[in-house]
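Quick note, the sequences are listed as chains A and B, same order. Residue numbers for the first sequence, in the numbering used here: 737 to 887. Residue numbers for the second sequence, in the numbering used here: 358 to 485. Here the structure is laid out as structure tokens; the discussion comes afterwards.
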Amino acid sequence: MITVLLILHGILAVFLLGAITHQTLGVFWPRHPGQTDFIANARGIRPHIYAQAIVILYVVEFTLGSLLYPSYRVISRPPLEELRILYIIGLFEVKENFAAIVLAMLPAYWYFWKKYPEARTARAWMTAILFATVWYNFVAGHLVNNARGLL
Amino acid sequence: MDKIATRAFPAFAAGFAAFYAPAYCFTGANSTFTWPLFTYFPAADEWYWGLVAGNDTLGPPMWWYGWIASAAIVGLIAAVIALLLPARATEKFWTTALWAVPIAAFLFLANWELVWFIQGWNPRWFGF
């Protein structure tokens, strides 16, 4: 069961990465008229379209991560502590802290993207924070799992 | 709804981050302040109110859920305070605090998290 949840956690993370990356590109590097190449098409989106999907995916990912966390604490972390591979534990600690603080930003993130178009600066900052968090958590999660998985 | 959300949601995020970062940094088995609302022991599958240290019987403690619960309460208090303050004068403040406080929290946390990456790192070098 834990393995199924872990794989689902990894698959949904890819969807979340795609959504937040498209939105970030759309905010900070929008496509200009006439640009038709592959990268320009990835940037040529309406960023607000992604907001709801990002919130839902983030909450689902956070819930899955919360369910997996006890197994990590009991199965994976003790051997890392015994072997003194502390940077792997650190990667996970940063991940859990990022995840929690950004979770609390989601109501404002959703509201500012859906209902408050005047707040462009706040929306851009929140998108950048979410982008950094999701990418960091994705990479760190894989490194931790590679170092000491749940099996 | 709009006037409430533009202040309450950012205040919640700022209050949450402002509590969560010191909660993570200052929680220890001998902490004098109970930062997490509860402690979970995954090996024993048992929950206890407040800060409880790990032991041989219960196994390692998990405070993360408890920090989130405590921080959510502080976030709600911040949201209520934001609604009690005059809207016109404070809306800009909350819109900035929404992203500035989490970034400050990340930097505060980074100083403490470096102990995992740099041998001999002392987070109290900065006086916290």
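For glycine and all other residues, C-beta sits at the position ideal for the given N, C-alpha and C.
Residues near residue i in its chain [Cβ-Cβ closer than 8 Å; skip 5 each side]
{"i": "residue 441 of chain B", "result": "none"}
{"i": "residue 794 of chain A", "result": "752, 838, 839, 842, 866 and 870"}
{"i": "residue 439 of chain B", "result": "364, 365, 367, 368, 447 and 451"}
{"i": "residue 400 of chain B", "result": "415, 416 and 417"}
{"i": "residue 384 of chain B", "result": "392, 393, 408, 420 and 424"}
{"i": "residue 822 of chain A", "result": "816"}
C-beta contact flag for residue i and residue j at 8 Å
{"i": "residue 431 of chain B", "j": "residue 373 of chain B", "result": "yes"}
{"i": "residue 382 of chain B", "j": "residue 466 of chain B", "result": "yes"}
{"i": "residue 844 of chain A", "j": "residue 873 of chain A", "result": "no"}
{"i": "residue 831 of chain A", "j": "residue 883 of chain A", "result": "no"}
{"i": "residue 779 of chain A", "j": "residue 767 of chain A", "result": "yes"}
{"i": "residue 468 of chain B", "j": "residue 459 of chain B", "result": "no"}
{"i": "residue 375 of chain B", "j": "residue 462 of chain B", "result": "yes"}
{"i": "residue 804 of chain A", "j": "residue 738 of chain A", "result": "yes"}
{"i": "residue 471 of chain B", "j": "residue 482 of chain B", "result": "no"}
{"i": "residue 393 of chain B", "j": "residue 427 of chain B", "result": "yes"}
DSSP state of residue i mapped onto helix, strand, coil
{"i": "residue 780 of chain A", "result": "coil"}
{"i": "residue 854 of chain A", "result": "coil"}
{"i": "residue 841 of chain A", "result": "helix"}
{"i": "residue 862 of chain A", "result": "helix"}
{"i": "residue 384 of chain B", "result": "coil"}
{"i": "residue 372 of chain B", "result": "helix"}
{"i": "residue 416 of chain B", "result": "strand"}
{"i": "residue 765 of chain A", "result": "coil"}
{"i": "residue 478 of chain B", "result": "coil"}
{"i": "residue 406 of chain B", "result": "strand"}
{"i": "residue 452 of chain B", "result": "helix"}
{"i": "residue 390 of chain B", "result": "coil"}
{"i": "residue 396 of chain B", "result": "strand"}
{"i": "residue 359 of chain B", "result": "helix"}
{"i": "residue 771 of chain A", "result": "coil"}
{"i": "residue 364 of chain B", "result": "helix"}
{"i": "residue 401 of chain B", "result": "coil"}
Inter-residue CB distance, residue i and residue j (contact presumed, cutoff 8 Å)
{"i": "residue 395 of chain B", "j": "residue 407 of chain B", "result": "7 Å"}
{"i": "residue 377 of chain B", "j": "residue 424 of chain B", "result": "6 Å"}
{"i": "residue 748 of chain A", "j": "residue 796 of chain A", "result": "6 Å"}
{"i": "residue 855 of chain A", "j": "residue 760 of chain A", "result": "The Cβ separation is near 17 Å, so there is no contact."}
Residues near residue i by beta carbon distance below 6 Å, same chain, minus five either side
{"i": "residue 757 of chain A", "result": "none"}
{"i": "residue 784 of chain A", "result": "849"}
{"i": "residue 391 of chain B", "result": "407 and 408"}
{"i": "residue 828 of chain A", "result": "880"}
Length of the line joining the Cα atoms of residue i and residue j
{"i": "residue 861 of chain A", "j": "residue 456 of chain B", "result": "6 Å"}
{"i": "residue 402 of chain B", "j": "residue 414 of chain B", "result": "12 Å"}
{"i": "residue 858 of chain A", "j": "residue 848 of chain A", "result": "8 Å"}
{"i": "residue 791 of chain A", "j": "residue 474 of chain B", "result": "31 Å"}
{"i": "residue 815 of chain A", "j": "residue 388 of chain B", "result": "26 Å"}
{"i": "residue 808 of chain A", "j": "residue 846 of chain A", "result": "31 Å"}
{"i": "residue 360 of chain B", "j": "residue 444 of chain B", "result": "7 Å"}
{"i": "residue 879 of chain A", "j": "residue 776 of chain A", "result": "31 Å"}
{"i": "residue 812 of chain A", "j": "residue 772 of chain A", "result": "47 Å"}
{"i": "residue 754 of chain A", "j": "residue 824 of chain A", "result": "25 Å"}
{"i": "residue 724 of chain A", "j": "residue 786 of chain A", "result": "This structure cannot speak to residue 724 of chain A, because chain A is shown only from 737 to 887."}
{"i": "residue 404 of chain B", "j": "residue 397 of chain B", "result": "5 Å"}
{"i": "residue 769 of chain A", "j": "residue 422 of chain B", "result": "48 Å"}
{"i": "residue 695 of chain A", "j": "residue 386 of chain B", "result": "Nothing can be reported for residue 695 of chain A, as the shown portion of chain A is limited to 737 through 887."}
{"i": "residue 801 of chain A", "j": "residue 745 of chain A", "result": "7 Å"}
{"i": "residue 789 of chain A", "j": "residue 370 of chain B", "result": "20 Å"}
{"i": "residue 826 of chain A", "j": "residue 774 of chain A", "result": "37 Å"}
{"i": "residue 429 of chain B", "j": "residue 798 of chain A", "result": "15 Å"}
{"i": "residue 764 of chain A", "j": "residue 454 of chain B", "result": "21 Å"}
{"i": "residue 762 of chain A", "j": "residue 852 of chain A", "result": "17 Å"}
Cβ neighbours of residue i in the same chain (closer than 7 Å, five flanking residues each side left out)
{"i": "residue 434 of chain B", "result": "372"}
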